[in-house]
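The numbering of the sequence shown is UniProt numbering, which starts it at 1 and goes up by one. Ideal Cβ positions, reconstructed from N, Cα and C, are used throughout, including at glycine.
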Amino acid sequence: MADLRVHTILFEILTRVPAKDVGRSKSVCKQWYALLSTQDFVRIHCSRSLVSSNQRVLLIDDLTCSVHPIIFQSNDYGPSSIVTFPFHHQNNDVSILSHLNGLLCVCLNHTYELLLWNPTTTAFKHLSTPDSHGFYINNLDAIGLYVDADDDYKVLHIKRRSGVLGVYVYSREVDSWRNIPFITRQEYLSPHFNWSAGTFCGGTLYFTVCECWIGGTNVVICFDVNSEQFKEISFPPVPSTGMVQGVLVNVKNELHMFASTGMFEMTIDLWTLQGDYWIKVLSCPPIPPISLSLWCDITHYVTNGNWFVMTKLGKLFTIEMDMKPFECFYPVTWFRGFKGAVFVETIVSPSI
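Okay, here's the thing in structure tokens:
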């Protein structure tokens, strides 16, 4: 009984320590190594790590890859630490496609290979196979990372090749890919439609699918990760008189969309999904005219009370939120001119 009590206390303490300290603690003794390696420990530790203080910004440029802590009081970054990629690459040609619970799904641009990588533990896993699974082509493919009801981390890969759409799921548990059916409109196969990366929220992966011209079709494709069924829901009712861009955001397990419309002057609205319908949360004043090249690079993030709309050249506009603080950053692909993302430090492994 005493041993069980000690084990329980130890479990409760160690599931609350930072991820990097867990890695060091594995070398204490065999008993600790066994405890800290169990799936129950990893799952509970991950759930307790998903707080703003554990968030980090990873930035990649042509010369370096760096990780920065986030200082919420000043809406800025703390001192950086340089990260060395544990896998072979060429001149930092690494793109971050999706991420979840400390795992990043990345593409090596010179080989098109997909990998799962935990930048905190440095562990990684190649997902490409000899039978052509796990190879990503930019502007044609879409990726979503998720975890199902059985706690199995999976990658959904939507591939468009010569007018044929294929959908494949990689399972970390069984370390293999398999094909699943996808019933959708034939026109979504066209390269005129731009698919976003998947945003995981409430057991569903969401993708925006937008036609690349003024007045084009814009929809949201939903993938239920447990039933593996797809469905289509409408876009928020935004004006179609200009270019339309919708970016999906998971804020405290509620799906939001930052929808921007316009051409020479942009309007930006924040929407939240309730059921299959979008409810407008707020609108910001129009952003002054900027060049189309900058408009295409707009990104944004949420912090404690404010929403920042940015381009790669700096902050454009600040929205003061008259609502409870979100206390999280939105993870983006392009961030202040760098490739990168916001991730949480965890001990989740890319392989079993």
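Run through DSSP, which three-state label would residue i get?
i, result
"W32", "helix"
"Y188", "helix"
"N54", "helix"
"P40", "One point to set straight first is that residue 40 is Asp, not Pro, in the sequence displayed. Residue state, collapsed to three classes: helix."
"residue 354", "Any property of residue 354 remains undetermined from this structure, which presents the chain solely from 1 to 352."
"I70", "strand"
"R48", "helix"
"H256", "strand"
"V147", "strand"
"residue 363", "It is not possible to answer for residue 363, since the shown part of the chain is limited to 1 through 352."
"D269", "strand"
"S80", "coil"
"I352", "coil"
"V238", "coil"
"S283", "strand"
"L140", "coil"
"T261", "strand"
"K339", "strand"
"V22", "helix"
"R16", "coil"
In terms of alpha-carbon separation, which member of the options lies closest to residue i?
i, options, result
"V155", "V169, L255, V174 and L205", "V169"
"P181", "E187, I158, E173 and T199", "I158"
"K252", "L165, S234 and S52", "S52"
"residue 353", "D175, S162 and N118", "Residue 353 is absent from the model: the chain starts at 1 and stops at 352."
"G215", "N226, C201, I233 and V238", "V238"
"N250", "D62, Y77, L58 and Y146", "Y146"
"H99", "E228, S66, P119 and R161", "P119"
"S351", "V17, R16 and V42", "V42"
"W117", "N54, K125 and N226", "K125"
"residue 360", "E232, C201, L108 and V17", "Residue 360 is absent from the structure shown; the chain starts at 1 and stops at 352."
"L50", "N101, S81, P69 and S95", "N101"
"I70", "H45, A341, V348 and I347", "A341"
"E187", "I279, N138 and S162", "S162"
"T111", "L270, A123, S132 and L103", "S132"
"I96", "I82, A142 and V225", "A142"
"D150", "F235, L10 and G203", "G203"
"W177", "L127, Y136 and T217", "L127"
"I44", "D93, E12, N54 and L63", "E12"
"residue 359", "P191, G144, Y277 and F258", "Here the chain has residues from 1 to 352 only, and residue 359 is not among them."
"L63", "N54, D93 and R48", "D93"
"T121", "E113, N226, Q90 and L103", "L103"
"K339", "N54, R48, N91 and L10", "N91"
From residue i to residue j, what does the alpha carbon distance come to, in whole angstroms?
i, j, result
"F230", "T8", "42 Å"
"D297", "L35", "Reliability of the predicted coordinates at D297 is poor, the pLDDT of 45 falling under 50, and the value obtained from them is presented with this limitation in mind. Approximately 45 Å, taken between the alpha carbons."
"K30", "L14", "15 Å"
"T129", "L58", "27 Å"
"V164", "L189", "7 Å"
"P79", "S171", "36 Å"
"S66", "I60", "7 Å"
"S37", "R16", "15 Å"
"V281", "T272", "7 Å"
"G275", "S27", "48 Å"
"T199", "L255", "9 Å"
"V247", "C105", "19 Å"
"I347", "R56", "14 Å"
"Y33", "D269", "49 Å"
"S240", "F193", "15 Å"
"L140", "A197", "11 Å"
"T261", "W195", "17 Å"
"C201", "W213", "28 Å"
"C46", "D148", "15 Å"
"P236", "M243", "14 Å"
"P18", "C107", "28 Å"
"N138", "R5", "53 Å"
"H68", "D40", "29 Å"
"T267", "Q245", "11 Å"
Have a look at the DSSP bridge pairing and note the partners of residue i.
i, result
"T208", "V220"
"V106", "I96 and L115"
"H126", "L115"
"K159", "G166"
"K231", "C222"
"W278", "L273"
"S171", "K154 and S176"
"N250", "L255"
"W195", "V209"
"F135", "E113"
"L10", "Per DSSP, none; premise fails for L10."
"F200", "L205"
"L59", "S66 and G340"
"Q245", "S260"
Given 8 Å, three or more beta-carbon pairs between the region 17-27 and the region 85-100:
With contact defined as three or more Cβ pairs closer than 8 Å, the region 17-27 and the region 85-100 are not in contact.
Given 8 Å, three or more beta-carbon pairs between the region 202-209 and the region 220-235
Counting C-beta pairs with one atom in each stretch, the region 202-209 and the region 220-235 have three or more that are closer than 8 Å, which means they touch.
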